[in-house]
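Trainee: Numbering (our numbering), first residue to last: 6 to 208.
The C-beta atom is built at its ideal place from N, Cα and C for all residues, glycine as well.
As the structure is a computational prediction, the values presented were derived from the model and not from experiment.
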Ligand code: SF4
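Put into structure tokens, the structure is as follows:
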């Protein structure tokens, strides 16, 4: 059993190519300015069997090109067993697995070496709002991009060479989900823009 809030495709702003993004539900870091605070608490409505999650992923991969996976949240390492269940089946589709975590790589290497051995790229550390410079892939400049497998530094170089982070909006059943590294004032800007059009944004 696992808590998975969203699966989106094609995510093109969190790693190279067209990726399947998987948002784990639950995070204990509670970083100030986090863009997904609605995923801090683990919610029953996001509880799912590994089989159902994998079925959905295989269905997407069966009909579309998949260049990699981006696992984020929430924090995937709050659910190490779930992460362990998913990694091997995902690698059968693409070995380019990028994982975002608020924990530090040094701690994870001690606690979960068997998981890190199956991940290609790790972006670690808590989000620090004052250090958000809208850089590609990282939320704040304390976070490190750690290449755990060979060849990925070159693969990720073009997206990291972009001047700034990019945002991608997905229309979903109950609204719009904005994906990517947002600037610190993004939520307020969005609210102001919506208000000018006579709209209200639910948080
Ligand atoms: S680790 Fe990520 S999801 Fe968790 S609170 Fe920090 S920014 Fe939000």
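#1: Confirm, please, whether the CB-CB distance from residue 185 to residue 173 is below 9 Å.
#2: Report the option in 130, 143, 88 and 57 whose CA atom is closest to the CA atom of residue 166.
#3: According to DSSP, is residue 129 part of a helix, a strand, or is it coil?
#4: So what does residue 104 bridge to, in DSSP terms?
#5: Grouping DSSP H, G and I as helix and E and B as strand, with all else coil, what is residue 152?
#6: Measuring only the C-alpha atoms, how far is residue 97 from residue 10?
#7: Starting from the C-beta of residue 117, find all residues in its chain whose C-beta is less than 6 Å away, skip the five residues before and the five after it, and write them out in chain order.
#8: Confirm, please, whether the CB-CB distance from residue 72 to residue 131 is below 9 Å.
#9: Just verifying my parser: in three-state terms, what is the DSSP assignment at residue 117?
#10: What is the DSSP secondary structure of residue 21, counted as helix, strand or coil?
#11: Around the Cβ of residue 148, are there at least 16 other Cβ atoms within 10 angstroms (buried) or fewer (exposed)?
#12: Could you check where the beta strand (DSSP E) with residue 10 kicks off and where it finishes?
#13: Mind checking which residues open and close the beta strand (DSSP E) that includes residue 58?
#14: Given a threshold of 16 other Cβ atoms within 10 Å of its Cβ, counted over all protein chains shown, does residue 7 qualify as buried or as exposed?
#15: Does the stretch 75-85 touch the stretch 99-111, meaning 3 or more C-beta pairs lie closer than 8 Å?
#16: Tell me which residue opens and which closes the beta strand (DSSP E) that residue 31 is part of.
#17: With DSSP run on the structure shown, which of helix, strand or coil describes residue 173?
#18: For the candidate residues 29, 94, 190 and 111, whose alpha-carbon lies nearest to that of residue 43?
#19: According to DSSP, simplified to helix, strand and coil, what is residue 52?
#20: Let me know if residue 31 comes out buried or exposed under the rule of 16 or more other beta-carbons within 10 Å of its beta-carbon.
#21: Look at residue 13 and residue 182 and say whether their C-beta atoms are less than 9 Å apart.
Mentor: This is what the structure holds:
#1: yes
#2: 143
#3: strand
#4: 76 and 127
#5: strand
#6: 22 Å
#7: 85
#8: no
#9: coil
#10: coil
#11: buried
#12: 7-16
#13: Residue 58 -> not in any beta strand (DSSP E); alpha helix (DSSP H) instead, spanning 55-68.
#14: buried
#15: yes
#16: Taken as a continuous stretch (DSSP letters only), residue 31 belongs to no beta strand (DSSP E), as it is neither H nor E.
#17: strand
#18: 29
#19: strand
#20: buried
#21: yes
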